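Novice: Take a look at the following structure, please.
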Amino acid sequence: MSTRRVAYYYDPDVGAFTYGLGHPMKPQRMRITHELVSAYGMLDHMQVLRAKRASAEEMTRFHTDEYIHFLSRVVPETAEELTFHGTRFLMGDDNPPFEGVFEFCSLSAGGSIGVCLLVPRLISPSLAILSYRAYPPTEAGQRLASGSTDIAINWAGGLHHAKKREASGFCYINDIVLGILELLRVFPRVLYIDIDCHHGDGVEEAFYTTDRVMTCSFHKFGEYFPGTGTQDDRGRGTGKGYAVNVPFKDGLTDDALKSVFEPVITKIMEVFQPSAIVLQCGADSLAGDKLGCFNITMQGHASCVQFVRKLNVPLMILGGGGYTVKNVARTWAFETACALGLEDTIDPNLPWHEYFEWFGPRYRLEVVANNMEDLNVKEKSLDKVREAALRQLGELKPAPSVGMHDVPSETVGDHLGFRHKESKKIDDLDERLAQHMRYIYNLQDSSTSSESELDSDSDQSTSSRLVSRSSQRQRARNGRKRMSIATNQIFDVAEYLPASKASRRRFFASEGARWDEQLRRVVVARNGELEGIAVNGKFSGLGLNDENGIEETAEEEEIMDVEDDEDDLR
33 MSTRRVAYYY DPDVGAFTYG LGHPMKPQRM RITHELVSAY GMLDHMQVLR AKRASAEEMT
93 RFHTDEYIHF LSRVVPETAE ELTFHGTRFL MGDDNPPFEG VFEFCSLSAG GSIGVCLLVP
153 RLISPSLAIL SYRAYPPTEA GQRLASGSTD IAINWAGGLH HAKKREASGF CYINDIVLGI
213 LELLRVFPRV LYIDIDCHHG DGVEEAFYTT DRVMTCSFHK FGEYFPGTGT QDDRGRGTGK
273 GYAVNVPFKD GLTDDALKSV FEPVITKIME VFQPSAIVLQ CGADSLAGDK LGCFNITMQG
333 HASCVQFVRK LNVPLMILGG GGYTVKNVAR TWAFETACAL GLEDTIDPNL PWHEYFEWFG
393 PRYRLEVVAN NMEDLNVKEK SLDKVREAAL RQLGELKPAP SVGMHDVPSE TVGDHLGFRH
453 KESKKIDDLD ERLAQHMRYI YNLQDSSTSS ESELDSDSDQ STSSRLVSRS SQRQRARNGR
513 KRMSIATNQI FDVAEYLPAS KASRRRFFAS EGARWDEQLR RVVVARNGEL EGIAVNGKFS
573 GLGLNDENGI EETAEEEEIM DVEDDEDDLR
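Numbering (the numbering used here), first residue to last: 33 to 602.
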């Protein structure tokens, strides 16, 4: 097999984080994988890099400011308060607010954003990568400037469930989306392939309406997290047809996966002609995984990596799920060898290393199949799934052309030292409104778009606007449905409904509203005395039971809703 230049991202701090006692997700699996890769001597065959950790600003290229600000502040002791009693950001048993969650997210995202090494033009001082193997600064700079790599590996990445405004399925930051956004700065079309046992819903949702990114997910579908990924989900608008879903049943085997994976990917390469590929190698599709339900061996899983590698397209390989730690480490170490083209020379007997005892009683580089029945063959659904995917791809138009142009790394104003606030005047009302929204108002739910439409200068009648407001309040009472990745059970999440922009401006324009730095709230002072605090753009009297003095009864909320409706009628 031809030799390809590989960049391998690893941060030694990744194994120090923990989701909590008894939680299925174990960040330590990345450290064990690295020790096994090192024991096999593979580090000498690739560039070993420690990525610059992603900043909050870099994470907001996809995620909302409010969500990133929340992650940077949350600790187990403040989670209840900062999530408004569980109504925001979906923190809970699946996604615990563990100590150091923001650092863990920045570490994971930093490696995926570091895909800029794929081409020289992506190299910039702001995305500088530090060499983990302690190269001198000048040598590290020379390595960066060359851009000499064909494959980038980040086993700490691949967290494909995270949404724009909330955590999901053990994932807080969607490093995959951030990495693809970096690729799109240079490559006209990017293909995302997901072989995790769970549907890659977060990535699909992010690129559901574009034809520059094709998402292709091979996953279990049914009463299984996240409950999405049917073959009817094909994209929308410009992106219609560019979301490819291949759902399987329990017991999927190596041969069954290969019979669908290779023809579908071959057809995608023919029709879409991607300029770069991102491959998510979630290991929960392996046989015997604690949360998985497939029967795929290590060789069957790695065959997907080998097939994609042979396509000779710039490739980014990421981790993902995987909850039987020793099998995850075995598979990712072997797939690292596949990326290097060394899979035929690697010793099946595990070498001695720090975590050698973890791999007992079989100290071999293998994950064997069990006696699980393959329902895909039994129910004869495999051919139907493959034919449906190929038919969808056959209906696509030729690969879309993209007009690419160089984007400066900084604006002229930034280069000359001008700040954004100096170039654009913002009135006092907007200043107070923006400051208050960062701490109080949430933009995470889909209802926000409905509110924006409600506030826009449209021709909607007053009655239809009132119906929209009523339906929003009803959704807030009914809550949202979510599924747990650990139990596959559906549960209700109370919906946090922020005030509309018009209501907020109306409140802030009222006399006496001001920002209190100590309370971190907007307060209303009347007759020189503090009489109340603004919550969601509405005035509330000072209560005695809340530590910040905020208390609002259901009756007060209903009265305020009626007043808002009356304002709309006027």
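All residues carry an ideal CB built from backbone N, CA and C; glycine is no exception. Predicted, not measured: the structure shown is a model, and the values here were computed from it.
Per DSSP, what are the beta-bridge partners of Ile-225 in this structure?
Specialist: Cys-248 and Leu-311, per the DSSP bridge assignment.
Novice: If we ignore side chains and look at the alpha-carbon of each, how far apart do Pro-430 and Arg-217 end up?
Specialist: Distance between the alpha carbons of Pro-430 and Arg-217: 21 Å.
Novice: Can you give me the start and stop residues for the beta strand (DSSP E) that Ala-39 sits inside?
Specialist: Residues 38-41.
Novice: Does DSSP put Pro-279 in a helix, in a strand, or in coil?
Specialist: Strand, per DSSP.
Novice: Going by the beta-carbon positions, is the gap between Ala-401 and Thr-329 smaller than 7 Å?
Specialist: Going by C-beta atoms, Ala-401 is nearer than 7 Å to Thr-329.
Novice: Any idea what DSSP makes of Glu-483, helix, strand or coil?
Specialist: For Glu-483, the predicted model reports a pLDDT of 41, less than 50, meaning its position is unreliable; a value from the coordinates is still stated below. Helix at Glu-483.
Novice: Return yes when the Cβ of Thr-181 is within less than 7 Å of the Cβ of Arg-37, no when it is not.
Specialist: Yes, the pair counts as a contact, with Cβ atoms nearer than the cut-off.
Novice: Quick check on Thr-262: buried or exposed, where buried means 16 or more other Cβ atoms within 10 Å of its Cβ?
Specialist: It is exposed - the Cβ of Thr-262 has fewer than 16 other Cβ atoms within 10 Å.
Novice: I need the boundaries of the beta strand (DSSP E) containing His-523, first residue and last residue.
Specialist: Contrary to the premise, residue 523 reads as Phe rather than His in this sequence. Unbroken beta strand (DSSP E) run through Phe-523: 522-525.
Novice: On the CB-based measure, 16 or more other CB atoms within 10 Å of its CB, does Asp-207 come out buried or exposed?
Specialist: Asp-207 comes out buried.
Novice: What residue from Val-80, Pro-129 and Gly-189 has the CA that sits closest to Ser-104's CA?
Specialist: With distances taken between Cα atoms, Ser-104 lies closest to Pro-129.
Novice: Are Arg-396 and Pro-383 close, meaning C-beta to C-beta below 7 Å?
Specialist: The answer is no: Cβ separation not under 7 Å.
Novice: Would you mind working out which of Leu-223, Asn-344 and Gly-254 sits nearest Asp-243, comparing C-alpha positions?
Specialist: Among Leu-223, Asn-344 and Gly-254, the Cα nearest to that of Asp-243 is on Leu-223.
Novice: Tell me the rounded alpha-carbon separation between Gly-320 and Glu-398.
Specialist: Going by the C-alpha atoms only, they are around 12 Å apart.
Novice: Return the CA-CA distance between Gly-47 and Trp-187, expressed in angstroms with no decimal places.
Specialist: Roughly 12 Å between the two C-alpha positions.
Novice: Name the two residues that bound the continuous alpha helix (DSSP H) containing Asn-408.
Specialist: First-last of the alpha helix (DSSP H) with Asn-408: 407-410.
Novice: Report the rounded CA-to-CA distance for Val-80 versus Pro-44, giving the unit in angstroms.
Specialist: Looking at the two C-alpha atoms, the distance is approximately 12 Å.
Novice: Could you check what DSSP says for Val-106 in three-state terms: helix, strand or coil?
Specialist: Three-state DSSP puts Val-106 in coil, outside helix and strand.
Novice: What are the start and end residues of the beta strand (DSSP E) that includes Gln-19?
Specialist: In the structure as shown, the chain begins at 33 and stops at 602. Residue 19 is therefore absent and cannot be evaluated.
Novice: Okay, do the segment 224-231 and the segment 244-254 touch, 3+ Cβ pairs below 8 Å being the bar?
Specialist: With a cut-off of 8 Å, the segment 244-254 and the segment 224-231 count as touching, because enough Cβ pairs lie within range.
Novice: Measuring alpha carbon to alpha carbon, tell me which residue in Leu-311, Asn-344 and Ile-309 is nearest Gly-373.
Specialist: For the residues Leu-311, Asn-344 and Ile-309, the minimum Cα distance to Gly-373 belongs to Asn-344.
Novice: Would you decide whether Ile-145 is buried or exposed? Buried here means 16 or more other CB atoms lie within 10 Å of its CB.
Specialist: By the neighbour-count rule (16 or more Cβ atoms within 10 Å), Ile-145 is buried.
Novice: Taking the alpha carbon of Ile-272 as the reference point, which residue from Phe-293, Ser-70, Phe-239 and Thr-285 has its own alpha carbon closest?
Specialist: The sequence shown places Lys at residue 272, not Ile. Taking only the C-alpha atoms, the option nearest Lys-272 is Phe-239.
Novice: What first and last residue would you give for the alpha helix (DSSP H) that runs through Asn-359?
Specialist: Taken as a continuous stretch (DSSP letters only), the alpha helix (DSSP H) holding Asn-359 covers 357-372.
Novice: If you compare alpha carbons, which of Ser-200, Cys-325, Lys-195 and Gln-305 is closest to His-95?
Specialist: His-95 has its Cα closest to that of Lys-195, out of Ser-200, Cys-325, Lys-195 and Gln-305.
Novice: Just reading off the alpha helix (DSSP H) that Ala-238 is part of, what are its end residues?
Specialist: Ala-238 -> alpha helix (DSSP H) spans 233-238.
Novice: Among Lys-416, Phe-257 and Met-74, which residue has its Cα nearest to the Cα of Phe-523?
Specialist: Of the listed residues, the one whose Cα sits closest to Phe-523 is Phe-257.
Novice: Quick one: what does DSSP say Lys-603 is sitting in, helix, strand or coil?
Specialist: A question about residue 603 goes unanswered here, because the residues of the chain that appear run from 33 up to 602.
Novice: How is Ile-100 classed by DSSP in three states: helix, strand or coil?
Specialist: Reduced to three states, the DSSP call for Ile-100 is helix.
Novice: Could you compute how far the alpha carbon of Cys-229 sits from the alpha carbon of Ile-205?
Specialist: Distance between the alpha carbons of Cys-229 and Ile-205: 19 Å.
Novice: In angstroms, rounded to a whole number, what distance separates the CA positions of Asn-568 and Arg-197?
Specialist: For Asn-568, the predicted model reports a pLDDT of 43, less than 50, meaning its position is unreliable; a value from the coordinates is still stated below. Distance between the alpha carbons of Asn-568 and Arg-197: 18 Å.
Novice: What would DSSP say about Lys-603, mapped onto helix, strand or coil?
Specialist: An answer regarding residue 603 cannot be provided, because it is not within the stretch 33 to 602 covered by the chain.
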